[in-house]
Each structure stands twice: as structure tokens, then as C-alpha cells.
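Report on one structure; see the data block that follows.
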Amino acid sequence: MKGCVGIMFSVLIVYLAISTQSLTDSSMFHKSNNLLCGPTRLSLGWIDKSKSSCAINCQIKYPNDCQGFMYNKFTRSCTPVGPNLRPNNAQPSVTEGDLYFRDGIFQFNTRSNGSTTAVYAYFTHPLNYTDATLTCACLNAHLYVADNLLKYGLMFLLIDFDQSVWIGLDDLDHEGVFIWVATGQPVDPFLKPFIFETFQPDNRNGNEDCVFEQPGLLRLNDAPCSLQMAYLCERS
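Using mature numbering (1 follows the signal peptide of the UniProt record, and there is no 0), the letters of the sequence shown correspond one by one to residues -22 to -1, 1 to 214.
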């Protein structure tokens, strides 16, 4: 019996160590400054003993949505932060303290395909088309524009092949006229059959106005703008 208790205790210690390590590893956050928009607060927050504890508790309380936090080292105030930025969200206050985001989020990289280069940030936490557009704008960016074959090919080097991903193309202003939102230009008629899935876009049920990359097909499709998907931001 004593041996069994000892084994169970050892297993528990290992489990706790692994769980804590997982949270610690995933709570690598960077301090963020000079955002154009404010973060989305997940709650009013709580008092926490340290910045590290704040990060871990944010992930425990909001495992699917915690992408950052605000921490005041003097008052020990901890405020959890979600994955999107909005123009009408307040910037961190003095009381809330410094803002930290998970490493990789809201950070841009550069990649090329032949003579074409993109400065991009890919976000897997799903948002609807409007929120994705606003979040990109808050980062001084826009949803990705794939207005030529090189840019279109480059896109698939930047995203997960098996995910639906919003890009910056819609016909919200005029039904059937798809416009690249960053340039205001319509889709090139020559390009359209190469980038859209067969028989798409079709405005199914009369409410498909926003364009996404269809997972696994290397083709675009239209969908209701209210759907939540990953999204790809680009800086011109």
C-alpha cells in the first residue's frame, strides 16, 4: 500500500510539474507599446502576486482567449487581454499598468516569393471579417492582398494550409464586384479563374460578401462576413 501511495504521489508531482512548465513556456510575453488601438479586456481583472502569476492565471481562466495581459507592479492589478484590437478600446490606463502580448502575436515578419515580398502577420485565433479588418488596421496594416499570381502563391507560404483564412477582398459595396480593400481595385478578370474555386464566388443564400482561402484547396471562396476564421494581415 505504501508503495502504491508513493507511486501515485510521484505521478502527481510529475503531472503538476509538466502542467506548470506548459503554462510557463506558453506565457512568454513581450511588452507592447505605441499601439494605434486599445486591447480587448476579457474582464475587470484581479489582484495577482507577480507578472508571471498574472500570465499563468490569465491562461487558466481564459484558456482559449488569453493572448495577453496588463499588469501594474505597484498595485499588482492583473487584467486579461483577448486576441483583437479595436479603435474604440481604451489604451492601457496608469492603473492597469503595462501591456504584454504573447510572443508572436501582433508581430510582423517578412517573406518573399520571387520578386514579391510581403510584410505579414498571421493570426490563427478566429475573428469575423469586420473584427479582422479592424485588428489589422490597428496594427497599421490591412488584410492581405493577393492581386497577382506571385502574391497569391506567396500567401500559401504564410498561412496554415488546413485553415480557413480571411483575406482583404469583398463585394460589400456592390454585389458581384469584388474589391481589394487595401487598393480599391477590382479583381483582375484574368486572375479570377486562377484564384477562385470552380463556380465561386456564388453569393450562396444571398449573404456571402467576404472572401477567404478555402482550406486544402489552394483556392478562394466567398462566405458570410460574420463567420469567424483565422486572418492574414499585411503592411504595404
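Backbone N, C-alpha and C fix where the C-beta goes; we use that ideal spot for every residue, glycine too.
Kindly indicate the opening and closing residues of the alpha helix (DSSP H) around S30.
-> For the purposes of this step, residue 30 is taken as the residue at position 52 of the sequence shown. Looking at the DSSP string, the run of the alpha helix (DSSP H) that includes S30 is K29 to K39.
Hey, how far is the Cα of G92 from the Cα of Y49?
-> Residue 92 sits at position 114 when you count from the first residue of the sequence shown. Residue 49 sits at position 71 when you count from the first residue of the sequence shown. Computed Cα separation, rounded: 44 angstroms.
Residue range of the unbroken alpha helix (DSSP H) whose run includes G131 | What you label residue 131 is simply residue 153 of the sequence shown in a count that begins at 1. For G131, the enclosing alpha helix (DSSP H) begins and ends at L127 to L136.
Skipping 5 residues on each side, what residues in its chain have a beta carbon closer than 6 angstroms to that of A160?
-> Start at 1 with the first residue of the sequence shown, and residue 160 comes out as number 182. Cβ within range, chain order: H120, V123 and G146.
Between R89 and L135, which are expected to be in contact by the criterion C-beta below 8 angstroms, what is the C-beta distance as a whole number of angstroms?
-> As a working mapping, residue 89 is identified with position 111 in the sequence shown. As a working mapping, residue 135 is identified with position 157 in the sequence shown. At roughly 6 angstroms, the Cβ-Cβ gap stays under 8 angstroms, so R89 and L135 are in contact.
8 angstroms CB neighbourhood of residue 223 in its chain, flanking five on each side removed = Past the edges of the chain, shown from -22 to 214, lies residue 223, and the structure says nothing about it.
Please report how far the alpha carbon of Y107 lies from the alpha carbon of S28, in whole angstroms.
-> Reading the sequence shown from its first residue, position 129 is the one you call residue 107. Reading the sequence shown from its first residue, position 50 is the one you call residue 28. Distance between the alpha carbons of Y107 and S28: 36 angstroms.
Spatial neighbours of L150 in its chain, beta-carbon cut-off 7 angstroms, leaving aside the 5 residues before and after | As a position in the sequence shown, residue 150 is number 172, starting the count at 1. Counting only Cβ-Cβ distances below 7 angstroms, and skipping sequence neighbours, we find D187.
For R54, the three-state DSSP class (helix, strand or coil) | Looking up residue 54 in the sequence shown gives position 76. Under the three-state reduction of DSSP, R54 is assigned to coil, being neither helix nor strand.
Compute the Euclidean distance between the alpha carbons of E191 and Q37, then round it to the nearest angstrom.
-> For the purposes of this step, residue 191 is taken as the residue at position 213 of the sequence shown. For the purposes of this step, residue 37 is taken as the residue at position 59 of the sequence shown. The alpha-carbon separation between E191 and Q37 amounts to approximately 30 angstroms.
Roughly how far, in whole angstroms, is the beta-carbon of V72 from the beta-carbon of P17, given that I think they are within contact range, below 8 angstroms?
-> Position 94 of the sequence shown, counted from the start, is the residue given in the question as residue 72. Position 39 of the sequence shown, counted from the start, is the residue given in the question as residue 17. No, V72 and P17 are not in contact; Cβ-Cβ is about 15 angstroms, not under 8 angstroms.
Grouping DSSP H, G and I as helix and E and B as strand, with all else coil, what is S4?
-> Position 26 of the sequence shown, counted from the first residue, corresponds to residue 4. Only weak support is given to the placement of S4: the predicted model assigns it a pLDDT of 39, under 50, and the question is left unresolved by the model.
Excluding the 5 residues preceding and the 5 following D200 in the sequence, name in chain order all residues of the same chain whose CB lies nearer than 6 angstroms to its CB.
-> Residue 200 sits at position 222 when you count from the first residue of the sequence shown. Excluding residues within five positions, the ones whose Cβ falls inside 6 angstroms are P179, E186 and V189.
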